[in-house]
Amino acid sequence: MPAHIPERRSLSRRLKPYLLVFDGPLALILFLLFSVGTLTMSSAGHDFPGRMEGQMRNILLSFTVMWIAANIPPQMLLRLAVPIYTFGVTLLVAVALFGTIKKGARRWLHVGVDIQPSEILKIATPLMLAWYFQTRAGFMKWQNFIVAAILLVIPFGLIAKQPDLGTALLVGASGFYVIFLAGLSWKALVGLFAAGAASLPVAWSMMHDYQRDRVMTLIDPTSDPLGKGFHIIQSTIAIGSGGVSGKGYLKGTQAYLEFIPERTTDFIFSVYSEEFGLIGNLVLLFLYLLLIGRSMMIAANAPNLFTRLLAGAVSMMFFTYCFINMGMVSGILPVVGVPLPFMSYGGTALITLGLCSGILMSIQRHRKLVQT
232 MPAHIPERRS
242 LSRRLKPYLL
252 VFDGPLALIL
262 FLLFSVGTLT
272 MSSAGHDFPG
282 RMEGQMRNIL
292 LSFTVMWIAA
302 NIPPQMLLRL
312 AVPIYTFGVT
322 LLVAVALFGT
332 IKKGARRWLH
342 VGVDIQPSEI
352 LKIATPLMLA
362 WYFQTRAGFM
372 KWQNFIVAAI
382 LLVIPFGLIA
392 KQPDLGTALL
402 VGASGFYVIF
412 LAGLSWKALV
422 GLFAAGAASL
432 PVAWSMMHDY
442 QRDRVMTLID
452 PTSDPLGKGF
462 HIIQSTIAIG
472 SGGVSGKGYL
482 KGTQAYLEFI
492 PERTTDFIFS
502 VYSEEFGLIG
512 NLVLLFLYLL
522 LIGRSMMIAA
532 NAPNLFTRLL
542 AGAVSMMFFT
552 YCFINMGMVS
562 GILPVVGVPL
572 PFMSYGGTAL
582 ITLGLCSGIL
592 MSIQRHRKLV
602 QT
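The sequence shown begins at 232 in the working numbering and counts up one residue at a time.
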């Protein structure tokens, strides 16, 4: 028996680095966000059979993806950047050619089951751009930023054409953050904003009718209160009726009387606001600020340009998710179908967020290993 003890200890020592891979502060923040999200989901999904079970399964899957990503060294991510990006863009082209059409949009590819390749580009695009700038570190030229912009425009344009404006915005934002953090000059940034403003009439003419309707509804939701403006009106009523302290858990009338549409997915923030009020919103905002702050700390301490750019882009992706979702739910942004991180129901979004969190943990973990 004693002869086997050293072997068992040796096995445990070999497994320990692969099991204890989570960054403590980031893991605690995610646990609190998942807890708040689960509590809210149990209320929002009270009349959706199997919704809570499905969300718990999604959380477990997200946790598994997070653990796997945390075990992948950043050096391997660097080597996989080009293949993943190429694979993702190829799938987007396949979607454009013979993708599955649902509700007037061609976003899915049938390979035994329907998959949505655009989700891959949320992380593949910043991964590719971070690789591109890493390979040119030390001799950056303005032409490199033009090439980077082309690498970003390709997936953005393919996704926007599906049409899927929400995902296109997230992919575009994640790629833009890498380009900006790589050293894009403020003069170029001002020029981009000026060009964007000048192209608004062209962009408006290229929008689909339902996209223009969403913008007009944002300006005046009361113009069609029982139709296109119903989502925003009912959502803002729910948020306002929560007051300072909220109506209490399971006591939100807007949700229980089924006035809030998509209350377990894109509009779950309305349910939370009605039940927990301004105080609850401040707590939730504080948790998201902690998440973004910890992510930025990991980015600031990353050992090389590739990991700094990738971690910085992931950090700002969290901000973009929160800003767009809360903005559209509260009526200050058009409805574009972006989930609230770690709270909205949905397996694909949680897997993407879990992957992003795992990448951050991998960067932090391997930085410590290099230092030791």
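Every residue gets a Cβ at the ideal spot worked out from N, C-alpha and C, and that includes glycine.
None of these values were measured; they are calculated from a predicted model.
Cutoff 7 Å; reference residue i; Cβ partners in own chain excluding five residues on either side
i           : result
residue 560 : 466, 498, 500, 501
residue 568 : 397, 497
residue 551 : 401, 404
residue 491 : 465, 466, 469, 485, 498, 501, 502
residue 582 : 292, 293, 296
residue 345 : 331, 339
Simplified DSSP state of residue i, which is helix, strand or coil
i           : result
residue 453 : helix
residue 331 : strand
residue 440 : helix
residue 238 : Note that residue 238 scores 48 on pLDDT, short of 50, meaning its location in the model is unreliable and no value can be drawn from it.
residue 470 : helix
residue 377 : helix
residue 582 : helix
residue 346 : strand
residue 232 : Its pLDDT being 47, under 50, residue 232 is placed unreliably in this model, and the coordinates cannot settle the point.
residue 251 : coil
residue 371 : coil
residue 591 : helix
residue 418 : helix
residue 465 : helix
residue 326 : helix
residue 526 : helix
residue 531 : helix
residue 384 : helix
Unbroken alpha helix (DSSP H) run spanning residue i, endpoints
i           : result
residue 494 : Per DSSP, residue 494 belongs to no alpha helix (DSSP H) and is neither H nor E.
residue 350 : 349 to 365
residue 487 : 484 to 487
residue 430 : Per DSSP, residue 430 belongs to no alpha helix (DSSP H) and is neither H nor E.
residue 292 : 282 to 301
residue 404 : 396 to 412
Terminal residues of the beta strand (DSSP E) in which residue i lies
i           : result
residue 538 : No beta strand (DSSP E) contains residue 538, which is instead part of the alpha helix (DSSP H) from 536 to 560.
residue 341 : 336 to 341
Assigned exposure category for residue i - 16 Cβ within 10 Å defines buried
i           : result
residue 462 : buried
residue 225 : In the structure displayed, the chain extends from 232 to 603; residue 225 sits before or after that span and is not available.
residue 478 : buried
residue 259 : exposed
residue 341 : exposed
residue 489 : exposed
residue 525 : buried
residue 407 : buried
residue 412 : buried
residue 284 : exposed
residue 539 : buried
residue 480 : exposed
residue 391 : buried
residue 371 : exposed
residue 353 : buried
residue 566 : buried
residue 362 : buried
residue 453 : exposed
residue 356 : buried
Assumed close pair residue i, residue j - CB separation to whole angstroms, cut-off 8 Å
i           : j           : result
residue 290 : residue 265 : 6 Å
residue 393 : residue 445 : Actually they are not in contact, since the Cβ atoms of residue 393 and residue 445 sit about 16 Å apart, beyond 8 Å.
residue 257 : residue 472 : At roughly 34 Å, the Cβ-Cβ gap does not stay under 8 Å, so residue 257 and residue 472 are not in contact.
residue 267 : residue 515 : 6 Å
residue 542 : residue 529 : 5 Å
residue 509 : residue 475 : 5 Å
residue 483 : residue 274 : 7 Å
residue 359 : residue 399 : So it is not a contact: roughly 16 Å between Cβ atoms.
Own chain, CB closer than 8 Å to residue i, minus 5 neighbours either side, in chain order
i           : result
residue 380 : 410
residue 430 : none
residue 336 : 393, 394, 395
residue 263 : 518
residue 271 : 499, 502, 503, 506, 574
Cβ-based neighbour list, residue i, same chain, cut-off 6 Å, excluding 5 preceding and 5 following
i           : result
residue 576 : 286, 495, 496
residue 548 : 405
residue 427 : none
residue 254 : 592, 595
residue 527 : 546
Closer than 7 Å: residue i CB and nearest the ligand MG heavy atom
i           : result
residue 584 : You won't find the ligand MG in this model; it holds no ligand whatsoever.
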